[in-house]
Amino acid sequence: MTQSGGAAVLETSELTAFYGDFQALFGITFALGEGETVAIIGANGAGKSTFLKTIAGLLPRPAAAVRLDGHDIGALPAFEIVKLGVALVPEGRRLFPSLSVEENLLVGAYGRRVDGPWSLATIYKLFPVLRERRHAPSTSLSGGQQQMVAIGRSLMSNPRILLCDELSLGLAPIVIRDIYAALADIKARGTSVVLVEQDLVHAMSVADRAYCFQEGRVTLTGRPQDLTRDAIHAAYFGI
Amino acid sequence: MLGWVDTLLQGILLGGLYSLYATGLSVIFGIMRLVNLAHGDLIVLAAFLMLALAAIGVPVVLAVAVVVPLMFAAGYALQSVLLNRALGRNILPPLLITFGLSIIVQNGLLETFSADTRRLDVGHLQSASLPLGGGIAVGLMPLICLAAAVGVIMLLNGVFYRTALGRAFRATSDDVEIAQLMGINNKSIYAVTMGIALAVCAIAGLFLGARANFDPSIGPARLLYAFEAVIIGGLGSLWGTLAGGIVVGLAQTIGAHIDPEWQILSGHVAFLIVLVIRPRGLFPRAVD
Numbered sequence: 001m002t003q004s005g006g007a008a009v010l011e012t013s014e015l016t017a018f019y020g021d022f023q024a025l026f027g028i029t030f031a032l033g034e035g036e037t038v039a040i041i042g043a044n045g046a047g048k049s050t051f052l053k054t055i056a057g058l059l060p061r062p063a064a065a066v067r068l069d070g071h072d073i074g075a076l077p078a079f080e081i082v083k084l085g086v087a088l089v090p091e092g093r094r095l096f097p098s099l100s101v102e103e104n105l106l107v108g109a110y111g112r113r114v115d116g117p118w119s120l121a122t123i124y125k126l127f128p129v130l131r132e133r134r135h136a137p138s139t140s141l142s143g144g145q146q147q148m149v150a151i152g153r154s155l156m157s158n159p160r161i162l163l164c165d166e167l168s169l170g171l172a173p174i175v176i177r178d179i180y181a182a183l184a185d186i187k188a189r190g191t192s193v194v195l196v197e198q199d200l201v202h203a204m205s206v207a208d209r210a211y212c213f214q215e216g217r218v219t220l221t222g223r224p225q226d227l228t229r230d231a232i233h234a235a236y237f238g239i
Numbered sequence: 001m002l003g004w005v006d007t008l009l010q011g012i013l014l015g016g017l018y019s020l021y022a023t024g025l026s027v028i029f030g031i032m033r034l035v036n037l038a039h040g041d042l043i044v045l046a047a048f049l050m051l052a053l054a055a056i057g058v059p060v061v062l063a064v065a066v067v068v069p070l071m072f073a074a075g076y077a078l079q080s081v082l083l084n085r086a087l088g089r090n091i092l093p094p095l096l097i098t099f100g101l102s103i104i105v106q107n108g109l110l111e112t113f114s115a116d117t118r119r120l121d122v123g124h125l126q127s128a129s130l131p132l133g134g135g136i137a138v139g140l141m142p143l144i145c146l147a148a149a150v151g152v153i154m155l156l157n158g159v160f161y162r163t164a165l166g167r168a169f170r171a172t173s174d175d176v177e178i179a180q181l182m183g184i185n186n187k188s189i190y191a192v193t194m195g196i197a198l199a200v201c202a203i204a205g206l207f208l209g210a211r212a213n214f215d216p217s218i219g220p221a222r223l224l225y226a227f228e229a230v231i232i233g234g235l236g237s238l239w240g241t242l243a244g245g246i247v248v249g250l251a252q253t254i255g256a257h258i259d260p261e262w263q264i265l266s267g268h269v270a271f272l273i274v275l276v277i278r279p280r281g282l283f284p285r286a287v288d
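Top line first, the protein sequences correspond to chains A and B. Heads up: the first sequence at position 175 corresponds to 175 in the working numbering, and the numbers run straight through without jumps. Heads up: the second sequence at position 39 corresponds to 39 in the working numbering, and the numbers run straight through without jumps.
Laid out in structure tokens, this is it:
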């Protein structure tokens with residue numbers, strides 16, 4: 001089910017994930033509508049990042065458990081998923097340290113298969129500070145600037161669906177505000193967004209719907225305005 | 001005095017050969033953290049392939065033009081069929097596979113070509129030299145070898161630092177998981193990497209065979225020199241690998257100049273000294 005009630009672009013059904021013998025996800029059923037922004041909240045270890053990694057193809061999953069436009073994509077490797085228009089901004093930025101800022105962005109276009117709004121020029125327009133630092137080693141940037149590069153790098157493939165893992169992690173509040181302002185611009189271009197966040201306030205302020213995860217299961221779902229503090233609290237901690 | 005100048009020149013030229021041995025090793029270690037214990041034997045294999053072509057009347061230049069792409073294809077196949085399956089968190093399986101490959105190549109060559117020492121015939125180039133004045137002359141073949149080493153490194157650096165494919169190589173080397181998120185198929189990058197490494201092995205095989213006698217058993221010693229050159233130069237830098245090769249070459253010729261028995265030993269001693277003084281090599285990559 002999506003907000004508009006229309007067909008979902010991205011769906012998972014009974015999605016499971018394992019790290020060796022350890023089961024991290026226990027049957028997640030999830031849907032994302034066209035242009036929708038969905039937040040996934042939950043405590044550490046709830047399986048939020050695992051969920052995104054599983055969709056992106058970094059972890060093995062049942063072939064029919066992930067569908068894009070109704071097609072099963074669960075058997076595809078990560079480098080094929082991004083070509084279908086699903087890009088992941090990984091937790092902790094994970095820039096390529098031996099590449100410059102601009103090279104990091106360019107490498108993001110390696111898997112581009114569709115034309116779209118994003119290019120070096122439009123990324124620099126979204127994050128003007130990156131243009132000034134474009135020849136700098138990516139390791140020399142501040143945390144916020146690195147997050148901008150990580151977002152820009154993922155946008156370079158012109159994704160229809162952007163999966164964002166902990167955008168606000170380790171950043172100053174003023175920087176988080178800038179990042180979320182950019183996210184609004186990205187959404188305005190029609191990109192659907194899945195947002196994994198610890199920062200509840202920010203996540204709820206931009207999300208159309210939210211899923212709360214606890215120990216690998218969905219414990220609560222709904223529109224932010226319909227979710228009470230107590231319900232979220234209970235879904236978060238299972239108390 | 002003149003003897004020393006000559007010794008230094010010869011050392012640098014020998015370093016060119018060792019750099020060629022080492023470049024392929026440096027590339028595969030840099031991009032996939034894989035140590036290929038069969039590297040030296042593959043260089044010897046390339047030399048034997050050229051020898052076999054020469055035996056049926058193929059000119060050396062043409063033999064090189066055949067063997068280089070052949071070795072590229074062999075490297076691509078070796079990586080995609082065998083080594084990609086063994087790559088993972090544990091570094092031991094690929095190490096064991098290449099160790100086994102080393103034994104197979106050595107014995108296969110022994111079986112096919114016997115243990116006789118051979119030499120590639122490069123005609124008048126074999127003995128041609130370039131007089132530098134003052135009674136010093138350098139052999140044309142060693143000079144071409146050094147030029148080839150520099151040329152190969154310039155070409156590879158051009159690919160790695162100026163092309164989209166090169167960016168993909170460096171990104172894969174940095175963080176293979178994130179590289180896949182960018183649409184990079186790391187396994188095909190690895191296959192191309194091994195192909196490039198073996199193509200460089202083929203070039204190294206030409207100069208190995210043209211410069212000195214070879215037989216199926218000398219691969220492991222070439223691997224050792226190549227290793228030393230890579231470590232001395234610092235992991236991840238091809239110019240460092242060139243410098244490392246020259247350090248080993250210089251050390252060997254200087255050692256031999258003092259006492260011919262010291263040639264091999266002084267190369268190893270120089271390697272140990274560099275390890276003690278600069279454990280990360282002379283030109284380590286800034287970021288690791």
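Yeah, the Cβ is synthetic: ideal placement off N, Cα and C, and Gly gets one too. No experiment lies behind these values; they were computed from the predicted model shown.
Chain A within 7 angstroms of residue i, Cβ atoms only
{"i": "Ala-191(B)", "result": "no"}
{"i": "Asn-84(B)", "result": "no"}
{"i": "Ile-184(B)", "result": "yes"}
{"i": "Leu-181(B)", "result": "yes"}
{"i": "Ile-12(B)", "result": "no"}
{"i": "Ile-178(B)", "result": "yes"}
{"i": "Arg-170(B)", "result": "yes"}
{"i": "Asp-116(B)", "result": "no"}
Bridge partner(s) assigned by DSSP for residue i
{"i": "Gln-214(A)", "result": "Arg-217(A)"}
{"i": "Glu-11(A)", "result": "Ala-31(A), Arg-67(A)"}
{"i": "Arg-153(A)", "result": "Arg-153(A) is not bridged to any residue."}
{"i": "Phe-18(A)", "result": "Gln-23(A)"}
{"i": "Asp-72(A)", "result": "Arg-67(A)"}
{"i": "Ser-100(A)", "result": "Pro-137(A)"}
{"i": "Gly-222(A)", "result": "Ala-210(A)"}
is_contact[residue i, chain B] using C-beta, thresh 7 angstroms
{"i": "Ser-98(A)", "result": "yes"}
{"i": "Lys-83(A)", "result": "yes"}
{"i": "Gly-111(A)", "result": "yes"}
{"i": "Val-206(A)", "result": "no"}
{"i": "Phe-79(A)", "result": "yes"}
{"i": "Val-107(A)", "result": "yes"}
{"i": "Glu-11(A)", "result": "no"}
Reduced DSSP secondary structure (H/G/I, E/B, other) of residue i
{"i": "Val-194(A)", "result": "strand"}
{"i": "Val-114(A)", "result": "coil"}
{"i": "His-135(A)", "result": "coil"}
{"i": "Asp-116(B)", "result": "coil"}
{"i": "Ile-136(B)", "result": "strand"}
{"i": "Ser-129(B)", "result": "strand"}
{"i": "Arg-211(B)", "result": "helix"}
{"i": "Arg-209(A)", "result": "strand"}
{"i": "Pro-217(B)", "result": "Per the sequence shown, residue 217(B) should be read as Ser rather than Pro. Residue state, collapsed to three classes: coil."}
{"i": "Gly-108(A)", "result": "helix"}
{"i": "Arg-93(A)", "result": "coil"}
{"i": "Arg-33(B)", "result": "coil"}
{"i": "Val-58(B)", "result": "coil"}
{"i": "Ser-188(B)", "result": "helix"}
{"i": "Gly-170(A)", "result": "coil"}
{"i": "Gly-40(B)", "result": "helix"}
{"i": "Met-182(B)", "result": "coil"}
{"i": "Ser-102(B)", "result": "helix"}
{"i": "Ala-1(B)", "result": "Correcting the residue identity first, residue 1(B) is Met in this sequence and not Ala. Coil at Met-1(B), not helix or strand."}
Continuous alpha helix (DSSP H) stretch holding residue i: start and end
{"i": "Ile-232(A)", "result": "229–237"}
{"i": "Asp-165(A)", "result": "No alpha helix (DSSP H) holds Asp-165(A); the beta strand (DSSP E) holding it covers 161–165."}
{"i": "Val-122(B)", "result": "Element bounds for Val-122(B): n/a, residue is neither H nor E."}
{"i": "Val-247(B)", "result": "238–258"}
{"i": "Tyr-81(B)", "result": "The displayed chain sequence assigns Val, not Tyr, to residue 81(B). From DSSP, Val-81(B) is part of no alpha helix (DSSP H); its letter is neither H nor E."}
{"i": "Ser-266(B)", "result": "263–277"}
{"i": "Lys-53(A)", "result": "48–56"}
{"i": "Ser-173(B)", "result": "164–174"}
{"i": "Phe-283(B)", "result": "Here Phe-283(B) belongs to no alpha helix (DSSP H), and DSSP marks it neither H nor E."}
{"i": "Pro-173(A)", "result": "173–188"}
{"i": "Phe-79(A)", "result": "78–81"}
{"i": "Ile-91(B)", "result": "Unbroken run through Ile-91(B): none, as it is neither H nor E."}
{"i": "Leu-120(A)", "result": "120–126"}
Residue range of the unbroken beta strand (DSSP E) whose run includes residue i
{"i": "Ile-41(A)", "result": "37–42"}
{"i": "Ala-87(A)", "result": "86–89"}
{"i": "Leu-22(A)", "result": "Checking the displayed sequence, the identity of residue 22(A) turns out to be Phe instead of Leu. First-last of the beta strand (DSSP E) with Phe-22(A): 22–33."}
Residues that residue i contacts on chain E, provided the C-beta gap is smaller than 9 angstroms
{"i": "Arg-285(B)", "result": "Any reference to chain E falls outside this structure, whose protein chains are A and B."}
- Task: Residues of the segment 216–230 of chain A with a CB closer than 7 angstroms to any CB of chain B: list them in chain order, please.
- Result: none
- Can you give me, in chain order, the residues of the segment 55–77 of chain A that have a beta carbon less than 8 angstroms from any beta carbon in chain B? Ala-56, Gly-57, Leu-58, Pro-77
- Which residues, taken in chain order from the segment 155–167 of chain B, show a beta carbon closer than 7 angstroms to some beta carbon of chain A? Ala-164, Arg-167
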